[in-house]
Amino acid sequence: MKLLTCPVNGPRNITEFQYLGPVRAADAEQPEQLIEALFYAENPLGVMREWWRHTPSNTVLIAERHTVSDQILATYLPNRKPA
Amino acid sequence: MPFSLLKYGLRSRHVPFRDIPPTPDLKRSYDVVIIGGGGHGLAAAYYLSNVHGIRNVAVLEKGYLAGGNTARNTTTIRSNYMTEESVRFYKEGVELFETMSRDLGFNVMFSQRGQLTLAHSEATLRSFHLRAEMGKHMGTRIEVVDVQTVKELCPHLNLDLGGQHEVMGGLWHADGGTARHDAMAWGYARHAGARGGEIHQRTEVTGFEQAGDRVTHVRTNRGTIAVGQVLQAVGGLNGQVAAMAGIRLPIRCFPLQAMVTQPLKPFLDILVSSANLHTYLVQSSRGEVVIGGGSDPYQLASTRSTLDQKEHLAEGALHLFPFLHKVKLLRQWAGITDMTPDYSPIMGASPLKNYWLDCGWGTWGFKATPVAGKRMAETIATGRVPDVLKPFDLSRFDSFALLNEMGATAASH
Ligand SMILES: Cc1cc2nc3c(=O)[nH]c(=O)nc-3n(C[C@H](O)[C@H](O)[C@H](O)COP(=O)(O)OP(=O)(O)OC[C@H]3O[C@@H](n4cnc5c(N)ncnc54)[C@H](O)[C@@H]3O)c2cc1C
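From first to last, the protein sequence lines are chains X and G. Going by full-length UniProt numbering, 50 is the number at position 50 of the first sequence; the sequence numbering is gapless. Going by full-length UniProt numbering, 38 is the number at position 38 of the second sequence; the sequence numbering is gapless.
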């Protein structure tokens, strides 16, 4: 069983979470960045920041995960990255 | 074929041939360098050398020949897509498989046994009608069938009448089939090699040298080569290799997993898939049941399998064929797929003048191997993108001219 730590509920089975995709550098609200935000999402071979949702509690969080090793390095609430 | 078989059988001294040409030293320059020795790259090399007479071609493969997704796919070949542009393209692909064994003088075991996709809801049936009408309009053999016909096509299927996944009908695609993926790759490699094409295994492209909007040199772990034109077809790593050439692609990597059971007596002579259960099954000519399904739920560039996904596949398979419950799994694996936002490939021109793309094949590119190879070779040889490829141009994302092809993914096979 693979675990992901919800910042509110603690470590849970990853099947309780929904993947919402990478945190994108481009801003969909800016017309000149729209295409970039819609289609050119982040896809690094390395550490990526990404959105997840813990479905039972509807907690939306950010995870930092390595896209080759699949290791989860940190999880935190948006804008509350621990020091 | 029968005549050549007879000749072969009666010949007293058969000289075995080498399928995969040996890797020679790298030359200093090539007219065309193909990056990626998977089915797509090899098919392009075959068409360039055998049809267009361009023989100074090198295929560079970082691992071993066709060891990427060409070796990992579940070999479904079909053309029952949604959009007119896709049906036209994939139909040409199926037709090339129909003559492939003869064309290559190599038995690729193409078996056109038909594909049945099950509908478990009215909504799915409605979408099937749409696909059937589009297919018929384009001249493919495809129709919506009722439960009775489903029973006749697949007598051992659990129809679960009244249950959670009640079968309400299906989409029958008589042109669908499978072929031996390795044989196809070896056949292309052998013929490309016979006409001067060089196939370099263990040769990894590590970077490019550019002048203006052209690539002048390709850097590899075995040295730097001057190039006339470049074709990129590197499967799961398309986003990364394009980035080395300074080209951004709308691609994200997801793993796709599959598995096979121990061999069983033949019981399934068609390909069967379920849109609801995200599972599809086909029995190989050796009797193994090949089981595939949807992609992993999050981005990953690793070929490790996960227990979750295997359990999910097993669950779907058992639902459709409960008597498989004691059957052992023989092998299981994963491949990295290069997914585009509209489930359609990216073929044709790139922002660089002499750099061509055959990318974004995601979970659906095996069936397209011959047609992509043929049409990309034509593009390189003539410098003009043929009409059938135009809808797949990279620029479609800038103009919102997407080709939404949910019919393309393994999940909704
Ligand atoms: C489990 C699974 C099931 C599938 N099922 C089906 C199916 O049923 N039907 C279907 O149509 N499609 C299916 N697919 C998709 C299909 O396998 C691929 O789309 C197709 O094989 C792509 O072929 P390719 O030649 O482009 O890529 P590949 O066969 O992956 O070849 C690309 C090659 O490029 C090489 N390479 C990468 N980087 C470099 C570099 N820097 N330098 C040199 N070489 C490099 C790789 O080593 C690799 O050999 C499936 C895929 C998977 C993973």
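Where a beta carbon is used, it is the ideal one built from N, C-alpha and C, also for glycine.
Contact between the region 176–192 of chain G and the region 128–137 of chain G is absent, with fewer than three C-beta pairs closer than 8 angstroms. Selection G:W186, G:L320 and G:F400 evaluated against Q164 of chain G yields G:L320 as nearest (Cα-Cα). Scanning G:F106, G:P297 and G:H325 for the CA closest to the CA of R53 of chain X turns up G:P297.
Between V144 of chain G and G176 of chain G, the CB-CB gap reaches or exceeds 8 angstroms. Contact annotation: F97 of chain G and F89 of chain G have beta-carbon atoms that are not nearer than 8 angstroms.
When distances are taken from the beta-carbon of H129 of chain G to the heavy atoms of ligand 1, even the shortest one reaches 7 angstroms or more. Within chain G, no C-beta atom comes nearer than 8 angstroms to that of V8 of chain X; the closest sits roughly 20 angstroms away. If the five residues before and after G68 of chain G are omitted, its C-beta is found closer than 6 angstroms to the C-beta atoms of G38 and G235, all from its own chain and listed in chain order.
Inclusion of N238 of chain G and H173 of chain G in the CB contact set at 8 angstroms is not warranted, their separation being larger than that value. Remark: the shortest separation between the CB of G292 of chain G and any heavy atom of ligand 1 falls under 7 angstroms. Annotated as proximal: I251 of chain G and D338 of chain G, with beta-carbon spacing under 8 angstroms. In summary, H40 of chain G is buried, with 16 or more beta-carbon neighbours lying within 10 Å of its beta-carbon over all protein chains present.
Taken in chain order, the complete beta strand (DSSP E) segments of 3 or more residues contained in the region 264–328 of chain G are 271–274, 279–283 and 289–295. About 15 angstroms separates the CB atoms of C359 of chain G and A301 of chain G; that is not less than 8 angstroms, and the two are not in contact.
For ligand 1, no non-hydrogen atom lies closer than 7 angstroms to the CB of L357 of chain G. Classified as exposed, S57 of chain X has fewer than 16 neighbouring CB atoms from the shown chains inside 10 Å of its CB. Between the alpha carbons of I247 of chain G and E209 of chain G lies a gap of roughly 13 angstroms.
Under the criterion of beta carbons closer than 8 angstroms, L42 of chain G and A58 of chain G do not qualify as touching, at roughly 12 angstroms. Placement of the Cβ of E36 of chain X at a distance of 7 angstroms or more from every heavy atom of ligand 1 is found. Boundaries of the beta strand (DSSP E) harbouring S29 of chain G: S29 to I35, taken from the DSSP string. Our two residues, V87 of chain G and G135 of chain G, have alpha carbons roughly 7 angstroms apart in a direct line. With the criterion set as a beta carbon lying under 9 angstroms from some beta carbon of chain X, the members of the region 295–327 of chain G are P297, Y298, Q299, L300, A301, S302, R304, T306, L307 and D308, in sequence order. Comparing alpha-carbon positions, the option among G:G373, G:L357, G:R286 and G:T303 lying closest to F392 of chain G turns out to be G:L357.
Check the Cα spacing between V327 of chain G and each of G:Y8, G:Q262 and G:G228: the tightest is with G:Q262.
For K374 of chain G, same chain residues with a beta-carbon under 6 angstroms away, outside a window of 5 residues either side, are Y47 in chain order.
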